[in-house]
Each structure stands twice: as structure tokens, then as C-alpha cells.
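Chains as they are written, first to last, in my numbering: chain A, 1 to 124; chain B, 1 to 124; chain C, 1 to 124; chain D, 1 to 124.
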């Protein structure tokens, strides 16, 4: 699969609520940066977190492939220090290959789940 | 209608919850890639999933048209294999005509509905 | 204020739920395209839907201005026909001046409100 | 850290609900523009609202840094006048250095929290 993306990305907004209504890891308030390295799909597909390549033909000549993904959960970062909760932060990513970055937050401070997501800002 | 868009698109984030609070198809937890092929509007409009073209004049000289849409629901993909639930994935689209791709998730794991959406990352 | 934006925009995703848990117009399930015409701010500011211009100096030399806005609610479109509910659609905007378009949905099918929003795809 | 971003940004959508289900500042209905000035990280890191720089090596050669952030809460603006509630508005930012802008709303009109967020539209 050919590379797609840019090498430098920024997420201006970051905020991890300290409270959660659930103890299930998937439902604890968290933020992630999903980082797609499309060119490395054949290699990354061997890792547990990735999926078999899928190609789908659609009427318009569209092809679809599942890509290789690094799911970076900000809650889990420990170096050089954990990300403080209830505190605004932002992040910048630099890669030596083209990548695509998407930012997502799950907020479960109350008994429901709220989501936000956006493609980050990328630059060559 | 003239073409608008790019030929290669990537969605870094993907995650379909296995749980849903509803059995109505519209409210089952799902992810979609909405794929607009503006140039094919006159043809696609004949399909059930599309709409008559609308043109609206606004004070600033703005014209508005409803476009032709392929609504790709990741839950429904079966080739070469279904998308596993509760698993991170990402996707890359390649088209032989310019398209525009938007990513959306509906999460109904609990008794409410949560939504996220973003324009995907596009490249020529 | 100088112009900012592009002249052609596309929103791939569109879907207005037919159900709402509220009768207040602001809380009825709806979709909007918010269309900013920054260059027309001085003129548009005379309309009821816009705001006085604000300029704010921040430490980094940042200036902030409230802009001129056309809030296009898809639910209200009647020409050439209303937008069907519970049906996928997409939209393309063409303007004779640079604009910026942002897509938003409020979904109140259940007793809570869900939101999604994204900057649309723009092209010169 | 090298600069990343653009000098002019626009957020087409803006709307602050006048109602909130909570009195906690973090949960009052609000909108923010998160403004990242990556180049100023070393300076901005001295301010209370920013974080120590973090660099993380990932398998793909990815480096991650927490950046310098200005969290502009539209609810708090007072010059030249407060932003009216329940009213559509939009905003334009001009900076003398490259920045990245992300728009976020928290809506707590009902007893749950709804979120939306998107990278704004940027231009050189």
C-alpha cells in the first residue's frame, strides 16, 4: 500500500477528565491519538492490534483497505511524566514516514458516554 | 456538477462497539464512511439512497446542491472478513474519481446515543 | 476584515433523524451548515443573526474577531423539495467569495442531546 | 520545537447554550478555541496552563511532544462585549506566528454532557 499522510501533526485540544462513571477500560474517560501508517500495513498487520487487509470494489471504482494503526492512549503515557488529569494540554507528532493522525476523547464523567473526534492538523 | 475532492483518503480512527442499547438498525452501534462523488450526482441520483438535486440561492451568491452519496457502513463489510468489534482499526480509500470522505460513529453502548464525526484526511 | 476560506465546499455526511425528544426548536433533531463569510463581516453584521466585531489581543500577538455567519438549517430547506428525514444525503456549496463551512448535527431522538461537528472539505 | 501551523484560522460555527445542568465550571455549557503555539513551547511551558515537554519514541520513529496551549473560552470574553448566549456566531483568528486552532463545545443543557470538536480551517 502506498504511503498517505504527512510527517508533522498537531492536536491543539487535549483534556482528560479525572472522573469516570465506569471501571471498564473502554469506558474510562480517556483521550487517544490514532496514528495510521498506511505504508507499513503489510508489516504492522502482523501485530495484534491490526487487521487483515481488505479490498472492496464499489460502483465508483473505489477501493477500501484496512490500515495499520498505532492507538496512542494519552492516559497511558508515563514518560517523562503522566499527563495530568483535568488539565488542558496539546500535542505535536513528528514521524519519519507519512502518517495520518485523528484525535478522540471519550468523556464518561456522568452516567453516559460523550465522544468527540477530529482529524488533526497535518503538515509536510 | 463539477467534481470536488481528492482521490485518496484515510480515516485513522476506527472502533465499533459490540454492544448496543437498541435493536433498531439506525441506533445499533456502528461506524460509517460517507463517500460523496459530486461529479456523479446525475447518475447516482437514480439510486434509492440519493436525493434530487437542490439549488438554493443565498444572499452571498451561494449555491447549494445535494450530492450523490455512498454510505459505507463498516458493520456490514464481509469481504474478506467482517470488521471485528471492540477492536481498533483504520481505513484507506482509493478512488478513480475525486471524492470526499467523512467518518462517523454512533455509540449506543448505554441508553443514550453518542456521536462523533470528522472529515477524513484527503490527498490527491 | 480580509477574506479567508475557499469557494467550493462539500459535506459528505448528512442525516436528519425524524424523531426528537423536545419541541423547542433549538433541541429538535437537526443539521446545519454554518457558513462564514469573513470578508462581508461589516455588511453582514447589520443582520440580526450576526454579532458586533470583536478584536482581542492575546500574548502571542493573536487577534480574534467575531465573523459574519449564515446559519443554514437543512431542516428548513424547501426548494426544490424538503430534505427527507431518516435518509442519508450530502451537500456541495459553491460561493462567489471565499467562505468557510462547518457541518453540525444535533440528535435528540432520545432524552439526551448528541452532537457532532466538523469543518467541511474545502477547495479553491 | 519547530513551528507548525498557519497564521489565519476560522471557526464557522459558534453557539453557547445559556442553560447548564451543572454549576461546576468544567461542566457549564461552553465553547473554546484551543490555540497551540508549538514554537513557543519552551516559553509557554512556564505558564500554569501548560505542561512539561514530553518526547516519546514509538516503533515507527514517531516522536510525541506536549505543546504550548492557549485555551480561549468564549464564555469568558468581555471585550468589546460578552458573546451573547443562544446566538449563532463565528470567529476568525489572526496570529503573527504559526498556530493550530481546534474548536470545542460542551453542551450540558440536559443532565448529560454532549461534546463536539473539530480542527478549524487554517490558511497561511
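Idealized CB from N, CA, C, for every residue including glycine.
Since the structure is predicted, the reported quantities are computational estimates derived from the model, not experimental observations.
Simplified DSSP assignment, three categories, for residue i
{"i": "residue 93 of chain D", "result": "strand"}
{"i": "residue 10 of chain B", "result": "strand"}
{"i": "residue 27 of chain A", "result": "helix"}
{"i": "residue 107 of chain B", "result": "strand"}
{"i": "residue 33 of chain C", "result": "strand"}
{"i": "residue 2 of chain A", "result": "coil"}
{"i": "residue 76 of chain A", "result": "helix"}
{"i": "residue 17 of chain B", "result": "coil"}
{"i": "residue 22 of chain B", "result": "coil"}
Residue i - containing beta strand (DSSP E), residue span
{"i": "residue 119 of chain B", "result": "114-119"}
Proximal residues to residue i (C-beta, below 8 Å), its chain only, five neighbours per side dropped
{"i": "residue 124 of chain D", "result": "6, 7, 8"}
{"i": "residue 12 of chain D", "result": "90, 121"}
{"i": "residue 72 of chain A", "result": "32, 33, 34, 35"}
{"i": "residue 48 of chain C", "result": "A caution first: residue 48 of chain C carries a pLDDT of 29, below 50, which makes its placement in the model unreliable, though a value can still be read off. Taken in chain order, the list of residues that qualify is empty."}
{"i": "residue 24 of chain D", "result": "none"}
{"i": "residue 60 of chain A", "result": "For residue 60 of chain A, the pLDDT reaches just 41, beneath the cut-off of 50, and the residue's location in the model is therefore unreliable, leaving the point undetermined."}
DSSP bridge partner residues for residue i (one or two, in chain order)
{"i": "residue 100 of chain D", "result": "D:36"}
{"i": "residue 70 of chain B", "result": "B:35"}
{"i": "residue 122 of chain C", "result": "C:9"}
Supposed close pair residue i, residue j - CB separation, criterion 8 Å
{"i": "residue 98 of chain B", "j": "residue 4 of chain B", "result": "6 Å"}
{"i": "residue 32 of chain D", "j": "residue 119 of chain D", "result": "With a Cβ gap of about 13 Å, residue 32 of chain D and residue 119 of chain D do not count as contacting."}
{"i": "residue 14 of chain B", "j": "residue 76 of chain B", "result": "Actually they do not touch by this definition, with Cβ atoms about 14 Å apart."}
{"i": "residue 2 of chain C", "j": "residue 39 of chain C", "result": "7 Å"}
{"i": "residue 92 of chain C", "j": "residue 26 of chain C", "result": "Actually they are not in contact, since the Cβ atoms of residue 92 of chain C and residue 26 of chain C sit about 27 Å apart, beyond 8 Å."}
Proximal residues to residue i (C-beta, below 6 Å), its chain only, five neighbours per side dropped
{"i": "residue 95 of chain B", "result": "7"}
{"i": "residue 114 of chain D", "result": "107"}
{"i": "residue 116 of chain A", "result": "105"}
{"i": "residue 100 of chain A", "result": "5, 36"}
{"i": "residue 70 of chain B", "result": "35"}
Beta-carbon proximity list for residue i, same chain, < 7 Å, skipping 5 on both sides
{"i": "residue 29 of chain D", "result": "16, 17, 19, 20, 106, 107, 108, 109"}
{"i": "residue 111 of chain C", "result": "21"}
{"i": "residue 82 of chain D", "result": "none"}
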